[in-house]
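Contents: one structure, followed by commentary.
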Amino acid sequence: MKHSPLWLVVPMLALLGCARQAPGPVAAAPSASSSAITAPAAADDYPAVLQASGTEPFWGVRVEGAALDYTTPDTQQSPRHFEGTREVRDGRLRVQGGEGQDAFRLTIERATCSDGMSDLPHPYTAEFVLGAETLKGCARDPAVPVPAP
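Below you can see the structure in the form of structure tokens.
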């Protein structure tokens, strides 16, 4: 009976597959001051649509995703529209964008808030910065009815 040399090749190939490979270059560990190290962004579990408002002066911001409309008593019929970025960091929702006098930042945070006039409880605080002006107030999901005081 004749044996084929193939029966010797198969076990040798199996052994070669198990051989150790030379280690590749090791990447340097990032330094503590590396700007590439950032905390991961938290999930955006805030409502997609929010209504923020404040008194003295009266103002309102309606947020839809990363866009917002800003109104005052003088601009009720023609709100200023802004597009920006939306992210949640450290538990706060931030919608921001623009440049110069059109730079804006809306920060929403989970904390019980009263607008000071109606005494209706709101589930969020709001701070809206437009250019050099900072406005503070409350925010809520307009789809959720406001409970009585």
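First residue of the sequence shown? That's 3 in my numbering, and the numbers climb one at a time after it. Even glycine gets a Cβ: it sits at the ideal position worked out from N, Cα and C.
What are the boundary residues of the beta strand (DSSP E) that residue i is part of?
i, result
"ASP71", "69–73"
"LEU108", "106–116"
"LEU1", "The shown model of the chain, from 3 to 151, leaves out residue 1, and the question about it has no answer."
"ALA54", "51–56"
"GLY62", "61–66"
"THR87", "87–91"
Would you mind sorting residue i into buried or exposed? The rule is 16 or more other CB atoms within 10 Å of its CB.
i, result
"ALA141", "buried"
"SER80", "exposed"
"GLY67", "exposed"
"GLY56", "buried"
"HIS124", "buried"
"MET149", "Residue 149 is actually Pro in this sequence, not Met. Exposed, because fewer than 16 other Cβ atoms sit within 10 Å of the Cβ of PRO149."
"ALA54", "buried"
"VAL51", "exposed"
"ARG88", "buried"
"GLY102", "exposed"
Can you tell me whether DSSP reads residue i as helix, strand or coil?
i, result
"THR127", "strand"
"GLY100", "coil"
In angstroms with no decimal places, state the Cα-to-Cα distance between residue i and residue j.
i, j, result
"GLY139", "GLU85", "21 Å"
"LEU137", "ALA45", "26 Å"
"ALA69", "THR114", "24 Å"
"ASP92", "ASP47", "13 Å"
"GLY99", "PRO59", "23 Å"
"THR74", "ARG82", "9 Å"
"LEU122", "TRP61", "17 Å"
Margin query: Three or more C-beta pairs under 8 Å: does that hold for the stretch 124–144 against the stretch 96–111?
Written below: As far as the Cβ criterion goes, the stretch 124–144 touches the stretch 96–111, which means the pair count is three or higher.
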